[in-house]
Ligand SMILES: Nc1ncnc2c1ncn2[C@@H]1O[C@H](COP(=O)(O)OP(=O)(O)OP(=O)(O)O)[C@@H](O)[C@H]1O
Ligand SMILES: Nc1ncnc2c1ncn2[C@@H]1O[C@H](COP(=O)(O)OP(=O)(O)O)[C@@H](O)[C@H]1O
Ligand code: SF4
Ligand code: SF4
Ligand SMILES: [Mg+2]
Ligand SMILES: [Mg+2]
């Protein structure tokens, strides 16, 4: 069972120290990414999704530090503790891109405008594989073709500005997939794109998962995307994973008040005009002034005295865990 | 080969991080914002210091006749190139004139020329740039062409022309600096306006039917003040030095009248530079101090207009 | 004035922006941002305007408010004093009508002037419309803020002190300040976090009920439109391709583009997972729109006729009022 796990994150705390303040951006985050499965991390802006991705890739800002916790990559040569590798050391650089690849939110700025798309793919291949010059060229063309870029022989020599937003994102994925990484981390890859283009990208990611067994960690703020793509979900709120489990359980029987509130607050296509949506009152707390206990307490309708203490992570089921003092009531409620 | 238990070596930064973290942990719950408050205070203090230096230099120049015991223009042949003494605080120059008196009197002209031209060109540049940048169209086109003409015209020819027409005087110098200087500020103000014009709050104001002058000057200009302030301080310094250059060529202020530039020009001689430091050092320091103080004031004003800088 | 009378009539509205190239800024073509739109906005309704980015939604919204001038066609406003053709008025003539029409913008970060307090931003329009004393203006601004569920004291704070959702509410307060009849909401909730989105949506609905407003609601999110709107207009490349009752659009989709758009929306409901129709390619450039039906290069039903003949927006039978669509094939069954 354990050998299909590609990456484990355990009790990860990442703090950011800008302006002489300490932002506890990640405050104890645990999850695992499985081979051939998609883990969706969902949460509001500022809850720490991107910091999680940056911690795994060791691409954190300089003024930040992994305080505690373990990030273990289960590579073909045995486990590697990523959090203990020097940020820019040779080992980390070998993992980045070759073993774990990442695509970013903004396809407009993530590509270098002064090099052709083909050059940028070939550079990755040159750095991480032993392919010869002409092999690299044909591999680049193959990659673009498999990403659904029309006329790849011609397009491979074009510069990013000639690509549209959706094509740039596909080119980004082509670069990310060039060395057949075992894990693909996608930080809101379609937020800047139209739904029709988003559908193209999702189709592509599904293919990758199916055909290459890539483990995907997809960051999003859209519950719809979770329902469409995820195998597993982790719901984040202010630096904690408040609920995690298989998508069927978390979306059908949510146990944490935040997950439930989130699902109740979005209109769902096809439910018509009479559907009831309930807004979550208030807003996320100031990251420099976090509440002592449960981070969601100020907005939670079920708050009790105990919520002034940070709740522990508890397993509702072997594969379903939650961080809430009153989870038992909700779990019983959800089981009905 | 992977050493799973090796932790990363601690760096100096780690110690700093620990300090911040511990402080925050100790203060958890109590809202304290020392860092922000201190930096705000410091910012204001620099502006205050700047203002004090500025005021002292201006007042001393203004009241030069009361402060200086010597005439800045009359040579004293018995005290040529003397180092500082109780009699002559900053010593005397090569013709025996009191340097201290010359620096004080020189400030009158230099401040007037430097600051006056900078402010005047800023006013002209901003008035034209803000409006034409916002409204666009033919008005903008004309303003742009005029500024290009002035900026591409060699300054020295303009000076010669004006001196020929108007004669050599202080006022002409200001006119010349303003004419050649407004283009830069105009272009900057215009460029800022072009980008602010697309902001949605400007569209909202338009949708209320507010007039263009009101939108441009009242609502958009405050958002362009930062770079304008910086430009004013920079051009003040530049004009003070340019005045020196023109005066040296005999095109600005007559050499006999003391200005900071004229005094500094005397130090172009290598011998003076090496042996008579008191001739150039005080005036050089004064110029630097003055420009610096204008800079601090500019920074302070900019921060004051930027609400996100206020605690 | 009956509730369902049109408040605005758009007839063949076109907005073309010149494309200037080269050193001499010669006009070498036109961006056909809005390309012949006929549309009635009925008093008291919420009209949704949806489509991919760049299809001309914002431009059409601005053309309604005369923030950009239509290059052809008319926008007619009808109120107590009869009908007025806004497109034929100059700025002075428009002044009287500015009060009736307002806009809420997309980007909560650029929609408020950073150099002014909230009161400073909101008082000028009031002064412009004849509220003379400062006390009166303070009272009105305070009331407006309370109407959008914010505290009166917020008026003396600067925009950077507010969160995105709060700024959006201030933007709504500003639009309400001169008591308009119609508000164009341009992606008013798109930039907000989901949990905040619901707050703003509910606020908009409450205000509409209280103040009897009409909304033109521009968005690319069809689940929001379905929940909020009475009618929906689907735009593609500057043209309206389908216009119908909101629930009808989902239940009885006619146009192939609407069909693809709807299927591309990720739905946060595991039981409603629909089959994704993936459109190939991107939206063509509005400088050189395709001949015939603008959608034909991406349409999976396209026939030869679509390449040459521009389909008219035709009326079809529907249980829920009129249903318009522009496609040659609709009388015939859509082939699978
Ligand atoms: N480079 C940085 N410097 C300082 N603080 C940062 C930096 N990056 C992130 N943070 C802080 O870390 C916290 C988590 O941010 P993160 O970017 O992970 O959020 P996110 O969940 O990805 O949000 P979004 O949906 O907006 O992308 C926030 O409080 C944020 O302000
Ligand atoms: N001021 C302008 N000048 C030139 N082209 C513009 C201008 N405003 C919009 N456009 C173009 O018009 C088209 C429609 O734009 P817009 O109405 O903003 O689309 P949407 O709001 O649907 O995303 C786009 O191709 C856009 O680039
Ligand atoms: S711990 Fe308390 S406040 Fe937090 S989610 Fe559970 S019930 Fe709500
Ligand atoms: S007219 Fe033809 S191309 Fe256009 S939508 Fe209908 S079937 Fe498709
Ligand atoms: Mg992020
Ligand atoms: Mg738009």
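Residue numbers (the numbering used here), protein chains in the order written: chain A, 82 to 417; chain B, 19 to 329; chain C, 25 to 360. C-beta: ideal position from N, C-alpha, C; glycine also. All of these numbers come straight from a predicted model, not from anything done at the bench.
Query raised in the report: Three-state secondary structure (DSSP) at residue 418(A)?
Result: Nothing about residue 418(A) can be read from this structure; chain A reaches only from 82 to 417.
Report task. To the nearest angstrom, report how far apart residue 128(B) and residue 236(B) are at their CA atoms. Result -> 33 Å
**Report entry** residue 366(A): CB within 8 Å of a non-hydrogen atom of ligand 3
**Finding:** no
Query raised in the report: Count the other CB atoms within 10 Å of the CB of residue 44(B); is the residue buried (16 or more) or exposed (fewer)?
Result: exposed
**Report entry** Beta-ladder partner(s) of residue 86(A), from DSSP
**Finding:** 115(A)
Query raised in the report: What does residue 265(C) touch in chain A if you count any residue whose Cβ is under 9 Å from its own?
Result: Going along chain A, no residue has its Cβ under 9 Å from residue 265(C), so there is no contact; the nearest lies around 14 Å.
Requested in this report: Return no unless some Cβ of chain A is closer than 9 Å to the Cβ of residue 321(B).
Outcome: no
Report task. Using a Cβ-Cβ cut-off of less than 7 Å, list which residues of the stretch 100-122 of chain A approach chain B; keep chain order. Result -> 100, 101, 102 and 103
Requested in this report: Check distances from the C-beta atoms of the stretch 120-138 of chain C to those of chain A and list, in chain order, the residues that come in under 9 Å.
Outcome: none
Report task. Anything in chain A within Cβ reach of residue 300(C), meaning under 9 Å, just list it in chain order. Result -> 280, 283, 284 and 309
Query raised in the report: Would you say the beta carbon of residue 227(A) comes nearer than 8 Å to a heavy atom of ligand 5?
Result: no
Query - Limits of the beta strand (DSSP E) - the one that residue 280(C) falls within - result: Looking at the DSSP string, residue 280(C) is not in any beta strand (DSSP E); the run it does join, the alpha helix (DSSP H), is 280-288.
Query raised in the report: Is the Cβ-Cβ distance between residue 150(C) and residue 202(C) less than 9 Å?
Result: yes
Requested in this report: Check the Cβ-Cβ distances between residue 39(B) and every residue of chain A, and say whether any is below 9 Å.
Outcome: yes
Query raised in the report: Between which two residues does the beta strand (DSSP E) carrying residue 118(B) extend?
Result: No beta strand (DSSP E) contains residue 118(B), which is instead part of the alpha helix (DSSP H) from 117-153.
Query - Simplified DSSP assignment, three categories, for residue 35(C) - result: strand
Report task. Compare the C-beta of residue 212(B) with all C-beta atoms of chain C and state if any pair is closer than 9 Å. Result -> no
**Report entry** Cβ pair residue 261(B), residue 277(B) closer than 9 Å
**Finding:** yes
Query raised in the report: Quick one: what does DSSP say residue 90(C) is sitting in, helix, strand or coil?
Result: coil
Query - Environment of residue 200(B) [buried if 16+ CB atoms lie within 10 Å] - result: buried
Report task. Would you mind sorting residue 304(C) into buried or exposed? The rule is 16 or more other CB atoms within 10 Å of its CB. Result -> exposed
Report task. Any chance you could list the residues with Cβ under 5 Å from a heavy atom of ligand 3, keeping chain order? Result -> 338(A), 375(A), 377(A), 378(A), 381(A), 383(A), 384(A), 388(A), 392(A), 405(A), 406(A) and 407(A)
Query - residue 356(A) beta carbon near ligand 5 (any heavy atom closer than 8 Å) - result: no
Requested in this report: Using a Cβ-Cβ cut-off of 9 Å, state whether residue 166(A) counts as contacting chain C.
Outcome: no
Requested in this report: Kindly list, in the order they appear in chain A, the residues whose Cβ is closer than 8 Å to that of residue 239(C).
Outcome: In chain order: nothing, as chain A lies at least about 14 Å away.
Query - Contacts of residue 42(B) in chain A (Cβ-Cβ under 9 Å) - result: 102, 103, 105 and 369
Query raised in the report: So is the beta-carbon of residue 122(A) under 8 Å away from any non-hydrogen atom of ligand 5?
Result: no
Query raised in the report: Alpha carbon to alpha carbon, how far is residue 73(C) from residue 313(B)?
Result: 51 Å
Report task. Just tell me which of 67(C), 273(C), 326(C) and 355(C) has its CA closest to the CA of residue 204(C). Result -> 67(C)
Requested in this report: Could you tell me whether any Cβ in chain C is nearer than 9 Å to the Cβ of residue 232(B)?
Outcome: yes
Query raised in the report: Would you say residue 308(C) touches ligand 4, meaning its beta carbon is less than 8 Å from a heavy atom?
Result: no
Requested in this report: Work out the CA separation of residue 260(A) and residue 346(C) for me, nearest whole Å.
Outcome: 55 Å
Query raised in the report: According to the neighbour-count rule (16 or more other Cβ atoms, all chains shown, within 10 Å of its Cβ), is residue 281(B) buried or exposed?
Result: buried
Query raised in the report: Should residue 217(B) be counted as a contact of ligand 5 given a C-beta to heavy atom distance under 8 Å?
Result: no
Query raised in the report: For residue 223(C), is the beta carbon positioned less than 8 Å from some heavy atom of ligand 5?
Result: no
Query raised in the report: If you measure from the beta carbon of residue 53(A) to each beta carbon in chain C, is any gap under 9 Å?
Result: Residue numbering for chain A in the displayed model covers 82 to 417; residue 53(A) lies beyond these limits and cannot be assessed.
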